[in-house]
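Chains as they are written, first to last, in UniProt numbering: chain A, 1 to 220; chain B, 1 to 220. Even for Gly, the Cβ is constructed at its ideal location relative to N, Cα and C. Here the structure is a predicted model, which is why all the values come from computation and not from measurement. Written below as structure tokens is the structure these notes are about.
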DNA sequence: CAGGCTAATGTCAGCCACTGACAGTTGACA
DNA sequence: TGTCAACTGTCAGTGGCTGACATTAGCCTG
């Protein structure tokens with residue numbers, strides 16, 4: 001131990017492991033670039049494999065399907081947010097904790113997705129997802145799983161029984177708001193991370209009013 | 001005109017149109033029965049086509065894909081709810097109108113899905129969807145489209161600009177609650193329509209408290 | 001009611017995502 | 001260094017889905 005110098009998180013286990021990591025990252029990068037350049041459907045797995053110089057079979061040993069590689073960098077963020085959520089101080093109320101975890105997640109985007117996928121590529125891949133029906137579907141399913149984990153986390157934080165529906169309701173509302181923000185962002189023209197973050201904050205802030213107020217009376 | 005007697009809604013245009021309708025219904029029925037009996041993935045399109053005695057190619061002329069036929073009876077309900085939503089009196093607030101439209105939709109399930117698909121078959125198909133990852137994904141995507149239409153409807157009702165995010169936020173929250181209710185239902189053991197309806201009402205009723213209350217203090 | 005028009009269907013060939021089986025290659029480690 | 005296990009490539013096959021073209025069958029007009 002302690003032999004290696006200048007590395008941060010996970011020390012590469014050996015040559016084999018390092019090569020695998022490299023192949024994986026190359027596949028993600030090549031996939032995203034091809035998807036963005038020519039569209040998701042119009043890109044075949046053979047093309048991706050060829051670009052990375054591996055066989056098609058190898059591609060499928062790294063990813064369960066074409067969808068998975070398209071959502072790969074998105075998954076990194078979700079994992080990151082989950083970690084941050086677990087680290088939230090227990091005094092924070094559920095909504096507050098989720099809000100802080102998500103915002104902190106986007107503020108540290110770079111660390112979340114690693115060096116192999118530049119931030120701008122990641123953002124364009126997000127855009128790709130939002131504009132490709134097959135990927136929208138896959139993404140929503142993954143989000144549902146995330147929601148369930150978040151609800152379980154919150155139930156634990158608050159000391160509630162697993163059957164209590166309130167955490168699930170709160171999480172459903174929260175991620176509904178996030179989805180609206182994501183959609184607004186993808187339809188706007190400022191594709192920066194900052195713009196997305198601002199939209200998230202704005203959507204969260206107008207959620208309360210949106211639920212309570214009488215929209216027909218002139219705004220307060 | 002006026003020659004035909006004793007028919008209700010859409011007068012069958014002729015023999016050709018009637019046969020198409022019949023084929024379509026037979027495909028939906030056979031699909032659902034096969035899916036339920038042996039699972040969605042383990043059922044091939046060839047099997048379905050064979051059961052109805054049409055070619056595989058014909059199947060794909062009626063449905064864009066295997067997913068679509070699995071969601072067919074679900075789609076009927078969504079269309080029905082949309083209609084009911086449009087008929088809601090304008091005095092109702094958005095949440096109220098959505099709630100009433102959805103509940104009324106389930107109360108008139110029979111009329112919505114027609115005779116070709118019995119209610120119990122429909123409910124089991126709903127269960128199938130909730131337990132099949134590929135169908136969950138497809139269903140969530142369709143729900144998203146429904147949400148957008150609902151938001152547009154509400155924006156119009158309330159006389160709001162299309163860019164106002166509040167209708168979208170309200171709809172997102174509402175359908176988040178509905179999804180939770182659907183999930184609770186599919187995981188319970190009472191698979192009746194009544195049970196689903198009750199869960200929807202219960203979820204809607206506990207939504208307010210779930211958002212506002214301090215869950216840690218003993219319930220009021 | 002014959003015959004042409006057109007919509008609906010069947011047949012065939014082919015693409016692409018994905019998988020199992022088997023063989024070859026290459027790090028790991030005694 | 002040689003053995004083992006992990007990783008990769010090749011091949012053959014299944015199933016969803018599509019375009020092109022031929023065939024059938026309701027429809028409509030004279």
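Pull out every residue of the segment 193-208 of chain B whose Cβ sits closer than 7 Å to any Cβ of chain A, in chain order.
203, 206 and 207
- Message: Quick check: what's the CA-CA separation for residue 88 (chain B) versus residue 82 (chain A)?
- Response: 41 Å
- [ ] Note down, in chain order, every chain B residue with its Cβ under 9 Å from the Cβ of residue 158 (chain A).
- [x] 215 and 216
(request) Step through the CB atoms of chain A and report whether any lies within less than 7 Å of the CB of residue 17 (chain B). (result) no
Item checked: Interface positions of the segment 128-143 of chain A facing chain B (Cβ-Cβ less than 7 Å), listed along the chain -> 133, 136, 137, 138, 140 and 141
Within its chain, find whatever has a CB closer than 8 Å to the CB of residue 63 (chain B); leave out the 5 residues flanking it on each side and keep chain order.
27, 69 and 72
Practice prompt. Quick one: residues in its chain with C-beta nearer than 6 Å to the C-beta of residue 121 (chain A), no 5 flanking neighbours on either side, listed in chain order?
Written response: 32
Q.
Rounded to whole angstroms, what is the Cα-Cα separation between residue 35 (chain A) and residue 128 (chain A)?
A. 8 Å
Notebook entry, point to check: Is the segment 165-175 of chain A touching the segment 140-148 of chain A in the sense that three or more CB pairs, one from each, lie closer than 8 Å?
Noted result: yes
- request: Quick one: give me the first and last residue of the alpha helix (DSSP H) that residue 16 (chain B) is part of.
  value: 15-38
Residues near residue 98 (chain B) by beta carbon distance below 6 Å, same chain, minus five either side: 174
Check: Using a beta-carbon distance below 7 Å, is residue 176 (chain A) in contact with chain B?
Finding: yes
Given a threshold of 16 other Cβ atoms within 10 Å of its Cβ, counted over all protein chains shown, does residue 66 (chain A) qualify as buried or as exposed?
buried
Bounding residues of the alpha helix (DSSP H) (the contiguous stretch that carries residue 76 (chain A)): 72-87
Can you list, in chain order, the residues of its chain with a C-beta nearer than 6 Å to that of residue 84 (chain A)? Leave out the 5 residues immediately preceding and following it.
101, 104 and 105
Next on the checklist: For the structure I just gave you, are there three or more beta carbon pairs, one from the segment 109-121 of chain A and one from the segment 50-61 of chain A, closer than 8 Å?
Outcome noted: no
- Query: What residues in the segment 78-111 of chain B have a beta carbon less than 9 Å from any beta carbon of chain A?
  - Reply: 93, 94 and 95
Could you name the residues of chain B that residue 210 (chain A) contacts, counting a contact when the two beta carbons are closer than 7 Å? 166, 169 and 170
- State the Cα-Cα distance for the pair residue 143 (chain B) and residue 107 (chain B), rounded to the nearest angstrom. 20 Å
- Message: Please tell me whether residue 69 (chain A) has its Cβ less than 7 Å away from any Cβ of chain B.
- Response: no
Review point. In whole angstroms, what is the alpha-carbon distance linking residue 14 (chain B) and residue 58 (chain B)?
Key: 20 Å
Under 7 Å between C-beta atoms of residue 215 (chain B) and residue 156 (chain A):
no
May I have the straight-line CA-CA distance separating residue 154 (chain A) from residue 179 (chain A), to the nearest angstrom?
20 Å
In angstroms, rounded to a whole number, what distance separates the CA positions of residue 133 (chain B) and residue 19 (chain B)? 33 Å
Can you tell me whether residue 42 (chain B) is buried or exposed? The criterion is at least 16 other CB atoms within 10 Å of its CB, across all chains shown. exposed
### Query
What number of angstroms, rounded off, separates the C-alpha of residue 124 (chain A) from the C-alpha of residue 190 (chain A)?
12 Å
Is the Cβ of residue 173 (chain A) closer than 7 Å to any Cβ of chain B? yes
Next item on the list: Answer yes or no: the CB of residue 106 (chain B) versus the heavy atoms of the ligand HEM, is any distance below 6 Å?
Entry: As far as ligands go, the structure on display features none, and thus does not contain the ligand HEM.
**Prompt:** Is it buried or exposed for residue 94 (chain A), if we count other Cβ within 10 angstroms and need 16 for buried?
**Reply:** buried
Since residue 184 (chain A) meets chain B, which of its residues come closer than 7 Å, beta carbon to beta carbon? 165
Tell me the rounded alpha-carbon separation between residue 96 (chain A) and residue 161 (chain A).
21 Å
| message | Classify residue 29 (chain B): buried if its beta carbon has 16 or more other beta carbons within 10 angstroms, exposed otherwise. | response | buried
Of the listed residues A:186, A:77 and A:45, nearest to residue 113 (chain A) (C-alpha basis):
A:77
Checklist entry - Contact check, residue 165 (chain A) vs residue 109 (chain B) under 8 Å by CB: the rounded distance? => result Rounded, the Cβ-Cβ distance is 23 Å, inconsistent with contact.
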